[in-house]
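Working notes, beginning with the structure itself.
2 protein chains.
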Amino acid sequence: MALQSWLPVPKGSHFSLANLPFGIISNSKLRTPRPAIAIGEDALDLSDFAKNGGFSELPSIKDHIGVFSERSLNSFAALGRPVHREVRSYLQSILSIATPYPSLLKDNQALKESSILSLKDVTTHLPLEIGDYTDFFAGVNHAFNIGTLFRGPENALQPNYTHLPVAYHGRASSVVVSGTPIHRPYGQIIVDPAATPKVPTFTPCRRLDIELEMGMFVCKGNKMGKRIGVNSAEDSIFGYVLMNDWSARDVQMWEYVPLGPFNAKNFGTTISAWVVLADALEPFRVTGLENKTTLQEYLRQEQKESVFDIALEVDLTIMCLAKSMEAANGNTTTITRTNACNLLWSFPQMLAHHAVSGCTMRVGDLLGSGTISGTESGTQGSLLEQIQGGKVALKLNHGEERKFLQDGDTISIRGVAGQDENSLVGFGSCVGRIDPAIPF
Amino acid sequence: MALQSWLPVPKGSHFSLANLPFGIISNSKLRTPRPAIAIGEDALDLSDFAKNGGFSELPSIKDHIGVFSERSLNSFAALGRPVHREVRSYLQSILSIATPYPSLLKDNQALKESSILSLKDVTTHLPLEIGDYTDFFAGVNHAFNIGTLFRGPENALQPNYTHLPVAYHGRASSVVVSGTPIHRPYGQIIVDPAATPKVPTFTPCRRLDIELEMGMFVCKGNKMGKRIGVNSAEDSIFGYVLMNDWSARDVQMWEYVPLGPFNAKNFGTTISAWVVLADALEPFRVTGLENKTTLQEYLRQEQKESVFDIALEVDLTIMCLAKSMEAANGNTTTITRTNACNLLWSFPQMLAHHAVSGCTMRVGDLLGSGTISGTESGTQGSLLEQIQGGKVALKLNHGEERKFLQDGDTISIRGVAGQDENSLVGFGSCVGRIDPAIPF
């Protein structure tokens, strides 16, 4: 039976008592960003809760209570998986209808009034200060689909693909929290690929795309020269977010030889605001896609159920008169339905590979999975795949069509694990609207 | 005539009064890292100097005096170019033999004893907390040499090369200060490139290389979606360091398709400890290499003398009985002599291109120039070029030879601008020793 809270948690809420994701909030009254958890349609301000004795029945956290007054979750994350587990479990007991400590919050009217805030009234911020951001390419269906467009199905995957989790270093400064508008980037593109010599045109991007991904935050790093073992890598995982790695396909096509994507990817990457702790996803482990290649020892993971059963959906909302992103309805088409289990490489494998060179991983580092796609039509995580490189258009509601994103288009990603409508473990949404390019 | 200091500055010192580079130091007595400047064979502890009224004759800095007690130069950098100029000029007057303020330091025995430390007795730290690190590819001779090895001289440069400064996002966490040993990385490599199918071997890197670069620190960023104009980009430049972007060529060859270098580059990047402020290099401006391509407007820089005349040298010291890196002599061969002017793209152009997508640049971001090579033998900034991809060996002193680096090899990069031995503007050294791979 689902855990039940004394706070109202509507059926279908992503933020059930089984979840309790962590984020950073502020509101009009208290502008300093501070940690919170989300439950139902509310947030519990952990700074206020902690200052008012909320953690008094959790003596082990006593010396670390300051982490709940910081402007990011980095210090909390740095306390490690056992502490996250203990704190989440304690907060579940505080919020449970059968709480053993009713005086701490449930029956403490003053503290309830000051520390419980409607999600509608809070602003969310980046949950962690990101050290480095790395984007992997572990969604094998996406890699195959894209590779097929360029090289045909026989040579779709590069020879290294099944031997190691391919990745590139991304741009940490351009990672933004859900709700932040993204300006269409300018860049150099080749309008006529057949022309010789190639002369670029400088223009707002014409092939603006999305990439549906999962993101993972690191809570335990390694010293330079040391490594992270694939079978102990779970200890390094703080939690997960949804991610949209906006991509300028035409800019990418011209710039990426020979060092990889650069400006095509560094104008914005959106993540969801609430970090679902690794422990909250434990019940949803499933086996990832099969890799028939014999792996190097350092990538052999004992845990076979190494990825998560998370239903993912992407909505495209076209411009309407509604002023806010969230309020735009009626013009929304769900363009992608897939699942986070569509990965050839697990996050522990990504971590192990990342650190195998001796590369320092730090608390707050963000790793992206790479685009997650299924194999069927309507399950792909990028427009480029859905429109077969540009050959077909995507049909939207009301007879509208799209190939790439137009100004005013809003992309909203949702992700949720679980079947019981009363105990879902979801990510909320990861939303961004494309604003026009800023003219020169 | 050269500025003269009342502190001893030996002939040929990189740290003349005309320089005054900034760094972060600690010593056995005061372990908290703090800002300092280098002069001759000494460091002036700016924290101590500031606390003891040293800046009392510079009223404009009064409200910002705290920046000299921080653990990095980020806050000082954020004050902007005019303040850096003012502070450096003031410190020159304090240290000048004809100082108008002798009581502040020159004749203040107690403060001299506490704030002036021999460089031999201090530990240097990373000068800034690095936000993001980006590595460019602006050394056109290097790009040509490498491209020739892979594709022949006709197709050496990719079509985009002269249209935009190619770059990739690097790994900020692996940037270390001069003197930090680098462990040889493990990685997947292809031992026999002719075999089909390709099966990687997991091994310590066998083709460990260097990349001689200049690094630049950003002191003024841009908001997301905004840009940095190429002709105002100088305002965003705090200063410069030497850089060695250690590279595992065999790892790179296998991993880099299709997203660029990853583990081949993220196990260590060494920078020199002292940041030479942008203003200190102003007298050494020269014209860069000619780019005959018609550039997009956003890359057209009015300042033609857009790069600097900095003599660069690379020493390779092979293992000997001397215990410290610096003390190893006799076994040293200068393997590269070149100049920092060998760039097709200037740092203002790199900044303008980086931000043209709307990518956020932040104080403390580090940009690398890419490998700097001349066109003659003995002027190339990587071993791969010098050994023509592996065809020839590099001759060292005492009949030794090298293709790639062996364990115990030490690489020391030096860079210096100016002709007058009494007023050189140099970078000191950028040193790293290869330690054996840590076994699994």
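These protein sequence lines are chains A and B, in that order.
Taking this note's numbering, I'd label the letters of the first sequence as residues 78 to 517.
Taking this note's numbering, I'd label the letters of the second sequence as residues 78 to 517.
Beta carbons: idealized from backbone N, C-alpha and C, even for Gly.
When DSSP states are grouped into helix, strand and coil, A/L135 belongs to the coil group. Of the other Cβ atoms in all chains shown, fewer than 16 fall within 10 Å of the Cβ of B/S166; this residue is therefore exposed. Near chain A, meaning a CB-to-CB distance below 8 Å, the residues of the region 425-438 of chain B are H430, H431, V433, S434, G435, C436, T437, M438. In the DSSP annotation of this structure, the continuous segment of the beta strand (DSSP E) that includes B/G509 starts and ends at 502-512.
Contact between B/I101 and B/P110 holds, since their C-beta atoms are separated by about 5 Å, short of 8 Å. Taking each of A/R304, A/T370, A/R162, A/S250 in turn and checking the Cα distance to B/R261, the smallest one comes out for A/R304. If you draw a straight line from the Cα of A/S152 to the Cα of A/V295, it comes to about 12 Å.
Contact residues of the region 209-224 of chain A toward chain B are D209, F214 (C-beta to C-beta distance below 7 Å). Secondary structure at B/D209: coil, using DSSP grouped into helix, strand and coil. Taking a contact to require three or more Cβ pairs closer than 8 Å, the region 271-284 of chain B and the region 428-439 of chain B do not qualify as touching. Remark: three or more beta-carbon pairs, one from each stretch, lie closer than 8 Å, so the region 410-429 of chain B and the region 372-386 of chain B are flagged as touching. Excluding the 5 residues flanking it on each side, B/D312 has same chain C-beta neighbours closer than 6 Å at R158, K297, in chain order. In this structure the region 367-380 of chain A does not lie against the region 177-184 of chain A, because fewer than three pairs of beta carbons, one per stretch, are closer than 8 Å.
Taking a C-beta distance under 8 Å as the contact criterion, A/I116 and A/V254 do not qualify as a contact pair. Among the residues facing chain B, A/L336 is included, as its CB has a counterpart in that chain under 8 Å away. About 5 Å separates the Cβ atoms of B/G447 and B/G216, confirming a contact at the 8 Å cut-off. A/S250 belongs to the set of residues whose beta carbon lies under 8 Å from a beta carbon in chain B.
Leaving aside the five residues that flank A/L473 on each side, the residues in its chain whose CB is nearer than 7 Å to its CB run, in chain order, L393, I395, T410, R479. Only residues of its own chain outside the window of five on either side were considered, and among them S255, L319, N321, T347, S349, I490 have a CB closer than 6 Å to the CB of A/C507, listed in chain order.
Nearest to B/A310 by alpha-carbon distance, out of B/L420, B/L107, B/A154, B/L428, is B/L428. Its chain contains Q265, I266, I267, P277 as the residues whose beta carbon lies nearer than 7 Å to that of B/W331, once the 5 sequence neighbours on both sides are disregarded; these appear in chain order. Contact between the region 235-251 of chain A and the region 335-347 of chain B is present: three or more C-beta pairs spanning the two stretches fall below 8 Å. For the pair A/L285 and A/S173, the CB atoms are not nearer than the 8 Å cut-off.
For B/K275, the residues of chain A that pass the 7 Å Cβ criterion are P236, in the order they occur in the chain. A residue is called buried once 16 or more other Cβ atoms fall within 10 Å of its Cβ, and A/V328 is buried on that count. For a cut-off of 8 Å, the C-beta gap from A/G458 to A/H141 is around 38 Å, too long to register as a contact. DSSP lists B/F279 as the beta-bridge partner residues of B/Q265. Taking a contact as a CB-CB distance under 8 Å, the pair A/T456 and A/T415 counts as one, their CB atoms being some 4 Å apart. With a contact defined as Cβ atoms closer than 8 Å, B/G441 and B/E206 qualify at about 5 Å.
In this structure, the alpha-carbon of B/I515 lies about 52 Å from that of A/D484. Taking 9 Å as the upper bound on Cβ-Cβ separation, chain B lies near residues A325, V328, W331, E332, Y333, V334, P335, L336, G337, P338, F339, N340, A341, K342, N343, F344, G345 of the region 320-345 of chain A.
In this structure, the alpha-carbon of B/N237 lies about 24 Å from that of A/S251. Against chain B, the beta carbon of A/H240 has neighbours under 7 Å at Q265, P277, listed in chain order. Residues L188 of the same chain have their beta carbon placed closer than 6 Å to that of B/N129, with the five preceding and five following residues left out of the count.
Annotation for A/F214: A220, V243, A244, G447 place their beta carbon closer than 7 Å to its own, counting only its chain and skipping 5 residues before and after.
Shown here, B/K472 sits in a strand according to DSSP, grouped into three states.
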